[in-house]
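*Asks:*
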Amino acid sequence: MPSRVQKILILLSDLAAQVVAFALGAWALAVYGQYSSFEALEGWWVTTGSIHTLVQGLFAVLVLVRFYMKGIYSKRLPYWDELRQILITVTYLAALNGIVVLIAKWPFSRVLWLSSWSLSLILIPLFRAWTRRTLRRLGYWSRPTVIIGGGDTAWSTWTALRSEPNLGFQVLKFLNLEKDLHPDIASTGVPAENVQREELVSSLLKLVDEEENLQVIIALEQSDTASASSLLERLSLFFEDVYLVPSLGGLPLFGMDAQHFFSHEVLLLRSKNNLGFRPQYWMKRAFDLVAASLGLIAISPILIWITLRIRRSGPGVLFVQPRVGHKGETFYCFKFRTMVPNAEKVLSDLLARDPVAKREWEEKTKITNDPRVTPIGEFLRKTSLDELPQLLNVIKGDMSLVGPRPILLHEVDKYGPRLSFYKNVKPGITGLWQVSGRSDTEYASRVHLDTWYVKNWSLWYDIAILFKTVRVVFKREGAY
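Just add 63 to wherever you are in the sequence shown, counting from 1, and you've got this note's numbering.
1. Taking just the CA atoms, how far does L92 sit from E105?
2. At 4 residues or longer, and completely inside the segment 439-482: list those alpha helix (DSSP H) runs for me, N to C.
3. Is it buried or exposed for A415, if we count other Cβ within 10 angstroms and need 16 for buried?
4. So, is W496 buried or exposed, given that buried needs 16 or more other C-beta atoms within 10 angstroms?
5. What's the C-alpha gap between L22 and S356?
6. So, do the segment 136-147 and the segment 224-234 have three or more beta carbon pairs nearer to each other than 8 Å?
7. So, for I439: in the same chain, excluding its five sequence neighbours on each side, which residues have a beta-carbon less than 7 Å away from its beta-carbon?
8. For W108, collect the residues of the same chain with a Cβ closer than 6 Å to its Cβ; drop the 5 residues on either side in sequence, then sort them by chain order.
9. I'd like the span of the alpha helix (DSSP H) that includes D144, first residue to last.
10. Compute the distance between the beta-carbons of K531 and V498, then report whether it is under 8 Å.
11. Counting along the chain, where does the beta strand (DSSP E) carrying L175 start and finish?
12. In whole angstroms, give me the CA-to-CA distance for T493 and L522.
13. Taking all protein chains shown into account, decide if W368 is buried (16 or more other Cβ within 10 angstroms of its Cβ) or exposed.
14. Would you give the residue range spanned by the alpha helix (DSSP H) that Q497 belongs to?
15. Could you check how far apart the C-beta atoms of Y395 and P385 are, in whole angstroms? I think they sit under 8 Å.
16. Whose C-alpha, out of K70, R341, V488, D433, is nearest the C-alpha of S463?
17. Would you kindly report the start and end of the unbroken alpha helix (DSSP H) that includes Y516?
18. How would you write the range of the beta strand (DSSP E) that P228 sits in, first residue to last?
19. Figure out for me which residue from L482, F190, A157 has the closest Cα to the Cα of R173.
20. Nearest CA to the CA of V118: which residue from L165, T152, Q148, S76?
21. According to DSSP, what are the bridge partners of G491?
22. Using DSSP bridges, identify the partner residues of Y131.
23. Does the distance from the CB of V264 to the CB of L238 come in under 8 Å?
24. Which residue marks the beginning of the beta strand (DSSP E) containing A255, and which one marks its end?
25. When every heavy atom of the ligand FMN is checked, does at least one fall within less than 7 Å of the C-beta of D351?
26. Expressed to the nearest angstrom, what Euclidean distance is found between the alpha-carbon atoms of V536 and E256?
27. Who are the near neighbours of F122 in its chain, counting only those whose CB is closer than 6 Å to its CB and skipping five residues on each side?
28. Output the residue ranges of the alpha helix (DSSP H) runs that lie fully inside the segment 259-338 and measure 4 residues or longer, sorted by chain position.
29. Please classify F350: does DSSP put it in a helix, a strand, or coil?
30. What are the start and end residues of the alpha helix (DSSP H) that includes L381?
31. Rounded to whole angstroms, what is the Cα-Cα separation between I185 and R422?
32. How many Å lie between H473 and G388 at the Cα?
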């Protein structure tokens, strides 16, 4: 199926989602609005419904136009980036819709306006997901792809593509130009072929005969930058789209701007410290205060129930522990008590007699089937409910809803030179490492993920991580 047809189908799904949203909004007006029945609604339709339909139809078209201007149809975006564009567009045009109707003094139904736009915000992503899933099931969404490279960069590229099924990259083969193949590539199930540089183009052209619309990704190591540039120049003569994975390890990528110069082969990359911009910092703080306060009120019955259950297992409800916080200052982190009162003695005895447990403790500072954990504590840990008191830390200003994992004093050395990034923000109740495997993630990977979060912070990423946290908690991935 031509890519143009796929784009049209996605566009039609966006339009269908808005039509359904408006129809359900009219139904909500009949059931919950000022009209007690559909018969009464018919009178409204004759007098003002046509105006609402015309205005809503106009704004539905504007939604599609803005999507087009933002490149949502011309290119495939990662899931959370696409969702962000949908949220911004729908919110912006919903507000504009309300302003236009009020200025024009047309008959206005708040029920219809709120319900139809709210449903659009929900249904557009759902309809898009259903359309893509259908195309994927029929074999039309996949994009046959070859990765040129076999080292760390090629492996990282494959991992990134696999994490974003929305993009549709189907890696068929690694064409390895390196001396050694990355050991993890063999476990992917994707064939890897060692190719001489002078034979690369002919090997790719053979694949073109087998696969239409073949995508090529150059993912060579930093030492092969010159080779990557020459490859890109050669392959662009044979392929419409050639992707290059530059070696940007350690650089903040979110919000990075690229600037090129007329008649010069120079590219400027400008990175920004998002949290270094004070309005961004205060926006994050305001979000934390509002969300944490509302959260405490909403879950107060759960907090009372947990408190009563913990008291049955012994004295003391909260476990208070010093942690390293913003700017390296020590603060006291609150948790529900999940261990027996003599937990330290139980731990020392276990580490003395069990070398496997000792090794796991040294690597992760956690132990599978920890004997110190009480029955109610095990439930709280499995569901992460033991961390709910940290909402008080958020309100106090010691922590944030999302941020690096709050580390213990003896863990400071494990961060090494990356500790400065950790100190640059407030630690969080949840974070990128928790939604990337949680306790199953090695400590070095945790440090890497925490550092990536600090470098690439945005309020939208905070929201995305919070949604991912809900999924991780319910699926209980890596929690013990």
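For each residue, glycine too, the CB sits at the ideal point set by N, CA and C.
Quick caveat, the model's predicted, so the values are computed rather than measured.
*Replies:* With the structure as the only source:
1. Taking the first residue of the sequence shown as position 1, residue 105 is located at position 42. Taking the first residue of the sequence shown as position 1, residue 92 is located at position 29. The predicted position of E105 is uncertain, since its pLDDT is 49 and thus under 50; no value can be drawn from it.
2. Here the runs fully enclosed are 453-459, 475-478.
3. Looking up residue 415 in the sequence shown gives position 352. Around the beta carbon of A415, a 10 Å sphere encloses fewer than 16 other beta carbons of the protein chains shown; the residue is thus reported as exposed.
4. Residue numbering aside, residue 496 sits at position 433 when the sequence shown is read from its first letter. With 16 or more Cβ atoms within 10 Å of its Cβ, W496 is classed as buried.
5. With the chain running from 64 to 543 in the structure shown, residue 22 is simply not present.
6. Note that the segment 136-147 touches the segment 224-234; at least 3 beta-carbon pairs, one per stretch, sit closer than 8 Å.
7. Within the sequence shown, the letter at position 376 stands for residue 439. Taken in chain order, the residues that qualify are R372, I373, S376.
8. Here residue 108 corresponds to residue number 45 of the sequence shown, with the count starting at 1. Reliability fails at W108, whose pLDDT of 47 lies under 50, so the model's placement of it is uncertain and the value that follows must be treated cautiously. Result list for W108: empty, nothing under 6 Å.
9. Taking the first residue of the sequence shown as position 1, residue 144 is located at position 81. In the DSSP assignment, D144 falls within the unbroken alpha helix (DSSP H) covering 142-167.
10. Indexing the sequence shown from 1 puts residue 531 at position 468. Indexing the sequence shown from 1 puts residue 498 at position 435. Result yes, Cβ atoms of K531 and V498 sit closer than 8 Å.
11. Numbered from 1 along the sequence shown, position 112 holds the residue referred to as residue 175. That residue, L175, is in no beta strand (DSSP E); its alpha helix (DSSP H) goes 173-200.
12. What you label residue 493 is simply residue 430 of the sequence shown in a count that begins at 1. What you label residue 522 is simply residue 459 of the sequence shown in a count that begins at 1. Spanning the two alpha carbons is a distance of roughly 14 Å.
13. Locating residue 368 in the sequence shown gives position 305, where the first residue counts as 1. Label assigned to W368: exposed.
14. Here the question's residue 497 lines up with position 434 in the sequence shown. Taken as a continuous stretch (DSSP letters only), Q497 belongs to no alpha helix (DSSP H), as it is neither H nor E.
15. As a first step, residue 395 is located in the sequence shown; it is residue number 332 there, counting from the start. As a first step, residue 385 is located in the sequence shown; it is residue number 322 there, counting from the start. Yes, Y395 and P385 are in contact; Cβ-Cβ is about 6 Å, under 8 Å.
16. On the sequence shown, position 400 is the one that residue 463 refers to. That would be V488, whose Cα lies nearest to the Cα of S463.
17. Here residue 516 refers to the residue found at position 453 when the sequence shown is read from its first residue. Unbroken alpha helix (DSSP H) run through Y516: 506-518.
18. Counting from 1 along the sequence shown, the entry for residue 228 is found at position 165. Note, P228: premise wrong, no beta strand (DSSP E); not H, not E.
19. Residue numbering aside, residue 173 sits at position 110 when the sequence shown is read from its first letter. Minimum Cα distance to R173 is reached at A157.
20. If you number the sequence shown from 1, residue 118 lands on position 55. Checking every option, the nearest Cα to that of V118 belongs to L165.
21. Locating residue 491 in the sequence shown gives position 428, counting from the first residue. In the DSSP output, where bridge partners are listed per residue, G491 has S463.
22. Counted from its first residue, the sequence shown places residue 131 at position 68. Beta-bridge pairing links Y131 to no other residue.
23. Locating residue 264 in the sequence shown gives position 201, where the first residue counts as 1. Locating residue 238 in the sequence shown gives position 175, where the first residue counts as 1. No, they are not a contact pair.
24. The count along the sequence shown starts at 1 and reaches residue 255 at position 192. For A255, the uninterrupted beta strand (DSSP E) segment begins and ends at 255-257.
25. This structure does not include the ligand FMN; it has no bound ligands of any sort.
26. The residue labelled residue 536 in the question sits at position 473 within the sequence shown. The residue labelled residue 256 in the question sits at position 193 within the sequence shown. So the alpha carbons of these two residues sit roughly 40 Å apart.
27. Within the sequence shown, the letter at position 59 stands for residue 122. In its chain, beyond the 5 residues on either side, L156, N160 have a beta carbon closer than 6 Å to the beta carbon of F122.
28. If one requires a minimum length of 4 residues, the alpha helix (DSSP H) runs lying completely within the segment 259-338 are 263-273, 288-298, in chain order.
29. Your numbering for residue 350 matches position 287 in the sequence shown. In the three-state scheme derived from DSSP, where H, G and I count as helix and E and B as strand, F350 is classed as helix.
30. Translated into the one-based positions of the sequence shown, residue 381 becomes position 318. First-last for L381: 381-387, but that is the beta strand (DSSP E), not the alpha helix (DSSP H).
31. Within the sequence shown, numbered from 1, the residue matching residue 185 stands at position 122. Within the sequence shown, numbered from 1, the residue matching residue 422 stands at position 359. So the two alpha carbons sit approximately 47 Å from each other.
32. Residue mapping note: residue 473 aligns to position 410 of the sequence shown, counting from 1. Residue mapping note: residue 388 aligns to position 325 of the sequence shown, counting from 1. It is roughly 13 Å from the alpha-carbon of H473 to the alpha-carbon of G388.
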